[in-house]
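Down below is the structure, laid out as structure tokens.
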Amino acid sequence: MRNHDEQLIADYIAGEKVESQLAEAIAKNPDLLNKLASQRVMHRQLSHLLNENSTDDFGQKLEQKLNSRYGDNSQSAIRDQTVKIFNIKRHWYALAAAISFLSFLFLLKIFSPEITEVGAVYRVVSAISSGKPLTEGQKISSGPFSLNQGYAEITLKNGVRLLLEAPMSVDILSDEHLLLRRGKLVANVPPAATGFKVDTPSSSIIDLGTEFGVSVEDDGKSQVHVLTGEVKVRASTNQPYQLLVKDQARAFDLQQQVINIQNNPNRFMRSLPGRSIAQPNYLHWSFDDLSQQEFSCIGTGIDGKCYNAKVNSLNKKLAGISTVPGKFGNAVNFDGENSWLATAYKGIGGHKPRTVAFWLKAPKDFSLSQGFGILNWGLSDVQSAWQISLNPLAVSGPLGRIRIGTNQGEIVGTTDLRDDNWHHLAIVLFGGKDANLSTHVLIYVDGNLEYSDHKSIAKVFTDLNHPNSKPLTMGRNIAFDDQNTNQNNRFFRGQLDELYIFDSALDEPQIKNLMKKNTVGH
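Per numbering that gives the first Met the number 0, the sequence shown starts with residue 0, numbered consecutively.
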């Protein structure tokens, strides 16, 4: 085909009024009609591929796709030559001369990336993805991925470990590159996978052999916190990368602003509980029978011992403890005035794992002053106790929700329990030296993972060895003693049934089984 004829086809496809000249050229050379048809088909395919009427920015889009898939340095020859050709809007004729049918298939592959296996689920906690439970061992493929509930730990093929916290959504471009659109993740990157990249709507992070946390708000703002090692970060391709090291953090917005912020590793879940013990040690009070002012402890015992719960009262003659019909058999009723149950069990101390599970009924006319003291142990000092109550303090979060506190540190749920109905509660602390209320405590209400309305960043270390530490108490706030003149927040009012304390972190199936069958195990 002569250059003049090529130019006519290019002008015609570009929208120029050259119909008469093109008709004359076709009359002289009938093969030109087939050439024109082929070029128009190719043009329509490419326009459809871009999902737009204009092809002005085709070169730019193509270059972005190539960079995303192959990086800045690879495939440079293909990229440079192809972009050079495609940026010439009026010269579509060069397309046929420059790329063959196989090249066109290559372009289709770029814009419709292959779905490939990139990793697998290693561990989950109540994880729901796309409306279905996420299971350990499940394969993870490239493409969009979302977590609607719970937590999941994913191991990529290159050894990168991702800890994901719902609600979140991410595009997994490869095992080397993610686009986090919403939510939180922690990436733990081994040396062999250095260069692992996480993009967000407002930032770009490149790992240099490290562990880092990334969060993205609904409006696209993002943060990166370096937990160990180093990363490179920037807000846009127009900015140079900044180097961040351990204990440094940055915030980004859609206006490409970069803000220096305080590093806060406790805002991220950094580990999930180990696999639960099949037959954990536990204490169990059924509250079925009150005999000689004691409720018997049953179960395997902890450290080989079980501990009865004894009735105590400020007024020995008017103890406000009784039994009432419960969820399974009888339950204990606390009148909220002057009585409680005391044991000789010191509790689970330090940052050791634990699970506390029980049935609870709180009356509709529940007074906020009757919220503290469902059960507790430890030292009533700053962050040295283990207290479970119905939240009586608006400053801590919504009122009447389950509240786990360490004294000046708490986590508060979202379900209002003041409805005169039985609810099953399970509080799980999976231990370790970094155990923290904000990252290491899970709450289950009626078998479902409870999202917390308020989380304090408070390290868990329950003090059992101080002279003023108190053993397990039910129905009374351990901050109150007989000489205390404060008459508020002393005693709990409500009903308690089937209380279990485990010296390990139970998993969700065990908790659901406990709720449904009142037995331990799967």
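Where is the CB? At the ideal position from N, CA and C, for every residue including glycine.
Non-local beta-carbon contacts of Asn464 in its own chain, meaning distances under 8 Å to residues more than five positions away in sequence, involve Gly348 in chain order. Here Thr227 has Thr209, Glu210 and Lys245 as same chain residues with Cβ atoms under 6 Å from its own Cβ, once five neighbours each way along the sequence are excluded. The beta carbon of Leu178 sits closer than 6 Å to those of Asp170 and Asp198, all from its chain and outside the five residues before and after it, given in chain order. Contact check between the stretch 439 to 459 and the stretch 276 to 294: fewer than three CB pairs, one atom from each, fall below 8 Å, which does not count as touching.
For Ser338, the closest alpha carbon among the candidates Gln494, Tyr150 and Arg160 is that of Gln494.
Less than 8 Å separates the beta-carbon of Pro272 from that of Phe429. Beta-bridge analysis with DSSP links Lys131 to Ser128. Around the beta carbon of Val185, 16 or more other beta carbons sit within 10 angstroms, so the residue counts as buried.
DSSP places Pro362 outside both helix and strand once states are collapsed to three, so it counts as coil. One alpha carbon belongs to Val381, the other to Gly130, and they sit about 41 Å apart. For Thr322, the three-state secondary structure derived from DSSP is strand.
Remark: C-beta atoms of Ile297 and Val355 do not approach each other more closely than 8 Å. Unbroken beta strand (DSSP E) runs of no fewer than 3 residues, entirely contained in the stretch 170 to 194, are found at 176 to 187, following chain order.
Gln256 is positioned such that its CB atom lies closer than 8 Å to that of Ala234. Val188 has its alpha-carbon roughly 21 Å from the corresponding atom of Thr115. Of the residues Trp421, Gln407 and Asn314, the one whose Cα lies closest to the Cα of Gln386 is Gln407. For Gln509, there is no enclosing beta strand (DSSP E); the residue is found in the alpha helix (DSSP H) stretching over Glu507 to Lys516. Nearest to His453 by alpha-carbon distance, out of Gly149, Thr461 and Thr438, is Thr438. The stretch 350 to 366 makes contact with the stretch 321 to 340, as at least three CB pairs between them are under 8 Å. Leu271 sits in coil when the DSSP states are folded into three classes, being neither helix nor strand. Look at Asp334 here: in three-state DSSP terms it is strand.
Taking the Cα positions, Ile500 is about 28 Å away from Ala165.
Take Gly182, set aside five residues on each side of it, and the residues of its chain with a beta-carbon closer than 8 Å to its own are Leu146, Leu163, Glu164, Ala165, Pro166, Met167, Ser168, Val169, Ser214 and Val215, in chain order. Boundaries cannot be given for Ser503, as no beta strand (DSSP E) includes it and DSSP labels it neither H nor E. With respect to the C-alpha of Ser141, the residue from Ile153, Pro132, Thr134 and Gln148 having the closest C-alpha is Ile153.
Around the beta carbon of Glu23, fewer than 16 other beta carbons sit within 10 angstroms, so the residue counts as exposed. When the beta-carbon positions are compared, Lys220 and Ser201 come within less than 8 Å of each other. Secondary-structure assignment with DSSP links Glu449 through a beta bridge to Ile442.
At a Cβ-Cβ threshold of 8 Å, Gly212 and Phe267 count as neighbours. In terms of Cα proximity to Ala434, the closest of Val459, Pro239 and Asn420 is Val459. Sequence-distant partners of Lys432 (beyond 5 residues in either direction) whose C-beta falls short of 7 Å from its own C-beta, in its chain, are His350. Taking 3 residues as the minimum length, the beta strand (DSSP E) runs contained wholly in the stretch 368 to 423 are 374 to 377, 384 to 389, 401 to 404 and 409 to 411, in order along the chain. Looking at the backbone, the Cα of Arg353 and that of Gly303 are separated by about 16 Å. No Cβ-Cβ contact shorter than 8 Å links Gly396 with Gly346.
Spanning the alpha carbons of Gly158 and Arg249 requires a straight line of approximately 26 Å. Gln261: member of the beta strand (DSSP E) spanning Val257 to Gln261, first to last residue.
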